[in-house]
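The sequence shown begins at 13 in the numbering used here and counts up one residue at a time.
For glycine and all other residues, C-beta sits at the position ideal for the given N, C-alpha and C.
All of these numbers come straight from a predicted model, not from anything done at the bench.
Notes for the one structure printed next.
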Amino acid sequence: MPHIETNAIHEGIEIDNTFNSVTTPIYTSSTFTLTDLGKTKAGFNYTRSGNPTRKALEDNLALLENGKMAAATSSGMSAIMAVLSLLSAGDHLIAPLDIYGGTYRLFSLIAPKFGIEVSFLQNPNDLAELKAELKPNTKMLWIESPSNPLLKLTDIKAVCNESKSEKNDLIIVADNTFMSPYFQNPLDLGCDIIIHSTTKYINGHSDLVGGIVICKTEELGEKIAQIVNCMGLAESPFDAWLALRGVKTLSIRMQAHEKNALQVCEFLNNHEAVQKVYYPGLSSPEQFELAKQQMRGFGGMLSFELKPEKYDINVFFSKLKYFKLAVSLGGVESLIAQPWSMSHASMNEEARLKAGITPNLIRLSVGIENVDDLIADLDSAFQNCCC
Ligand SMILES: Cc1ncc(COP(=O)(O)O)c(C=O)c1O
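This is the structure we're talking about:
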């Protein structure tokens, strides 16, 4: 079996049979001529339901995640909406409290409008808490590991085994955006579905918004394809092409992100302005063991708490040159954010504090610039933001 570096470049990418082009052409056509009534060439008749450029991306990512079928969507949120639409009124969904703020907003504000009941877990690794939440109508369990923004790891295998032993028809979904298939494959750990915001590491250049749903079985894949078609959630051919171009360099980008993040993490851990650093696997020996078991690396995301009484967070942000104050993550450029007022502002204050998100928590998406320049940038901003 070829390795991920090779598969990322070659899998799902068929030779274009018109001109033998090496890269996948962008088929912008909204519709495709039928060869006969009811007959299509290669299964495509309308771009909302299927498109050759999008299919290349779907086949490629399905293989990288060891899934059977994938559907590329217009955003990470539309991928999550497609998965949520597998549920019906009266069904129950369990999700952790410490998740991406937009996912929390969808689950807490929109899902109940469709009659879906949602419970949030304080600690997804607490199997007793999880079991206590499993009810006869529980149909779906959501996992985000590492979590956004506190980078906590969920023991995916243990959670899948334990919850499936209680309810074997449970659909377990993992948001694998932070790790990408380069570092983690949740379908191999017992999940049924994976979603990614391809806006992030998959594309890697901060120039598209997209998502993908990858299913372990064809049965689930067909259901998702039907939902994406019915609800009009599919990704545009141009954006699918951009994502496909991004995947080709996923491996080298992820290596570079991680190499830089480890050094930034070490610098922050030793800096007197920093109260606490959150990096996947580093919060405790158990989390470190878990990281080694279920991931092939630690990734490029980290968070830290600035000592609030001594340093002014606004001044700190304003003194940075390379870390741009912006939401999103996973691009080649370094970004910095305050989850409290940015990615997680849609959670009410109580929920944010309960999840451990404070105003002095800062999240970094460490890019692939020269790490000495990144550390010098942070160091000079710390020096210039004392209260
Ligand atoms: C972990 C995670 N999942 C899902 C999303 C939603 O993706 P999108 O912004 O592409 O809709 C995000 C966005 O930041 C995210 O961080």
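Output the distance between the C-alpha atoms of residue i and residue j, rounded to the nearest integer angstrom.
i	j	result
Ser157	Leu201	12 Å
Ser296	Leu165	11 Å
Met266	Phe190	10 Å
Pro14	Ala285	46 Å
Leu118	Ile206	17 Å
Gln306	Ile155	14 Å
Lys169	Ala74	20 Å
Ala20	Pro193	10 Å
Val289	Leu376	11 Å
Cys172	Ile184	7 Å
Leu98	Ser177	21 Å
Gly216	His208	12 Å
Trp409	Ala140	The chain is shown only over 13 to 399; residue 409 falls outside these bounds and no answer can be derived.
Ala91	Thr210	10 Å
Lys260	Thr35	11 Å
Gly24	Pro198	21 Å
Ala107	Phe132	5 Å
Ile264	Asn29	30 Å
Tyr291	Leu314	5 Å
Glu145	Asn281	37 Å
Leu390	Gln350	15 Å
Asn149	Thr45	45 Å
Ligand 1 heavy atoms versus the CB of residue i: any closer than 7 Å?
i	result
Ser353	no
Asp110	no
Thr115	yes
Gly88	yes
Ser358	no
Gly216	no
Gly223	yes
Gly156	Reading off the sequence shown, one finds Glu at residue 156, where the question assumed Gly. Indeed, a heavy atom of ligand 1 lies less than 7 Å from the Cβ.
Phe190	yes
Ser340	yes
Asp219	no
Ser120	no
Asp187	yes
Ser209	yes
Asn57	no
Asn160	yes
By DSSP, does residue i sit in helix, in strand, or in coil?
i	result
Gly223	strand
Cys397	coil
His208	strand
Met81	strand
Leu314	strand
Ile184	strand
Glu234	helix
His176	The sequence given here has Lys at residue 176, not His. Residue state, collapsed to three classes: helix.
Asp48	strand
Phe335	coil
Met359	coil
Arg265	helix
Met152	strand
Would you verify that the beta carbon of residue i is, or is not, closer than 8 Å to some beta carbon of chain C?
i	result
Leu332	Absent from the structure: chain C. Only one protein chain is present.
Among residues of its own chain, excluding the 5 on either side of residue i, which ones have a beta-carbon nearer than 7 Å to its beta-carbon?
i	result
Ala123	Leu96, Leu105 and Val130
Glu270	Gly309, Phe310, Gly311 and Gly312
Glu7	Since the first and last residues shown for the chain are 13 and 399, residue 7 lies out of range.
Gly258	Ile214, Asn215, Gly216 and His217
Asp110	Ser159, Leu162, Lys164, Ala367 and Gly368
Leu220	Thr211, Asp251, Leu254 and Ala255
Sort the options by Cα distance to residue i and report the nearest one.
i	options	result
Tyr112	Ser86, Pro161, Ser90 and Ser87	Pro161
Gly309	Lys319, Lys176, Leu294 and Ala94	Leu294
Ala338	Val344, Ser355, Tyr323 and Lys80	Ser355
Phe195	Ser41, Val378, Val327 and Ala303	Ala303
Ala388	Leu314, Leu347, Glu361 and Phe279	Phe279
Asp103	Lys147, Tyr323, Leu109 and Pro136	Lys147
Glu298	Asn137, Gly24, His22 and Ser42	Asn137
Glu381	Phe56, Gly342, Ala349 and Gln350	Gly342
Glu234	Met81, Ser41, Leu347 and Gln275	Met81
Ile38	Leu390, Pro320, Tyr291 and Asn63	Asn63
Cys242	Asn57, Ile27, Asn29 and Ser61	Ser61
His283	Gly88, Phe300 and Leu318	Leu318
Asp400	Asn72, Glu361, Leu373 and Thr40	Here the chain covers residues 13 to 399 and nothing more, so residue 400 does not appear.
Pro320	Cys399, Arg364, Ile348 and Pro249	Cys399
Ser346	Lys51, Asn272, Ile16 and Asn32	Asn272
So, at 8 Å on beta carbons, what are the nonlocal neighbours of residue i in its own chain, with the 5 sequence-adjacent residues on each side left out?
i	result
Lys331	Ser392, Ala393, Asn396 and Cys397
Asp385	Tyr334
Thr47	Lys53
Cys203	Ile155, Ile168, Cys172, Ile184, Val185, Ala186 and Lys228
Which same chain residues, not among the five before or five after residue i, have their C-beta less than 6 Å away from its C-beta?
i	result
Phe329	Leu337
Gln275	Val383
Leu69	Ala84, Ala252, Ala255 and Leu256
Met359	Gly113 and Tyr116
Taking 7 Å as the cut-off, is the beta-carbon of residue i closer than that to any non-hydrogen atom of ligand 2?
i	result
Ser131	With respect to small molecules bound, the structure shown includes ligand 1 and not ligand 2.
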